[in-house]
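Numbering (our numbering), first residue to last: 18 to 273.
Structure follows, in structure tokens:
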């Protein structure tokens, strides 16, 4: 394990994208929340809702983590870039030739994914406390709930795992990022449109998103029931494990 960590560290320390994209993640979150707290009203299901009614709620952390979930795609892009760069430069072939097992190649990426997930969770915590000073109203001084932090960490890891599997199977950086974005923005919504409601909820990105459901709809009482957290966790773990198995199957068969 120490050898794998050392290899990943040496690869990433000089890789600009590894520092730029997480930095962009932090900056965008802070800027958007700054903009969000300057609004007077927001549109929710065709009704205008005062921003103060949201910021004064006890679930302010829920709002922040839900919003931060939209930026998981930055880390999806990063993991696809990392994989594409290593494949293009022949690193995996050299690593296997030098005695590294194929499962070790993936283990290194899973460790990187865990670091990125922990980083994004920490940024949510940091931005939440910093942005509280920008709000037009007093935000309740509540601690970041541990359960919400764990759910956000799992959600981030699952999204990046989706990107990992896509990057390994497609083997092309630009194509991988493009197809993942197309699937997220058009593919899965279109598939879900033709599926019954129960089946639609089993689509992978819907499952991951259900870990932290839309707090605006829940808290403002639009009649949508709260998500079964344990069911969402179990489904996410099943998908995450399945995507990991698919990635390993591809790596096992690759001519590296």
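The beta-carbon is built from N, C-alpha and C at its ideal position, and this holds for glycine as well.
May I have the straight-line CA-CA distance separating residue 227 from residue 182, to the nearest angstrom?
-> 21 Å
Find out if the Cβ-Cβ distance for the pair residue 92, residue 176 is shorter than 8 Å.
-> yes
Burial state of residue 178 (16 or more Cβ within 10 Å) = buried
For residue 225, which residues of its own chain have a beta-carbon under 7 Å away from its beta-carbon, when the five flanking residues on both sides are left out?
-> 172, 175, 176 and 253
What's the gap between the Cα of residue 198 and the Cα of residue 111?
-> Rounded to the nearest angstrom, the two C-alpha atoms are 31 Å apart.
Going along the chain, which residues of its own chain have a beta-carbon closer than 6 Å to the beta-carbon of residue 186, five neighbours each way excluded?
-> 267
Separation of residue 107 from residue 167, as counted between CA atoms | 36 Å
Figure out for me which residue from 46, 203 and 207 has the closest Cα to the Cα of residue 145.
-> 46
Could you name the residues of the same chain whose beta carbon sits closer than 7 Å to that of residue 221, not counting the 5 residues immediately before and after it, in chain order?
-> 179 and 256
Use the C-beta contact count for residue 133: other C-beta atoms within 10 angstroms, 16 or more gives buried, fewer gives exposed.
-> buried
List the endpoints of the continuous alpha helix (DSSP H) containing residue 24.
-> 19–29
CB contact flag (residue 81, residue 38, <8 Å) | no
Between residue 119 and residue 269, is the Cβ-Cβ spacing less than 8 Å?
-> yes
Distance, Cα to Cα, residue 79 vs residue 200?
-> 26 Å
Spatial neighbours of residue 21 in its chain, beta-carbon cut-off 6 Å, leaving aside the 5 residues before and after | 121, 124 and 125
Cβ-based burial, residue 83 [other Cβ within 10 Å; buried from 16] | Per the 10 Å Cβ criterion, buried.
Rounded to a whole number of angstroms, what is the C-alpha to C-alpha distance between residue 131 and residue 137?
-> 10 Å
For residue 247, does the three-state DSSP call read helix, strand or coil?
-> helix
Roughly how many angstroms lie between the CA atoms of residue 19 and residue 203, to the nearest whole one?
-> Taking C-alpha positions only, residue 19 is separated from residue 203 by approximately 41 Å.
Rounded C-alpha distance that separates residue 105 from residue 89 = 24 Å
Helix or strand or just coil, what does DSSP make of residue 229?
-> coil
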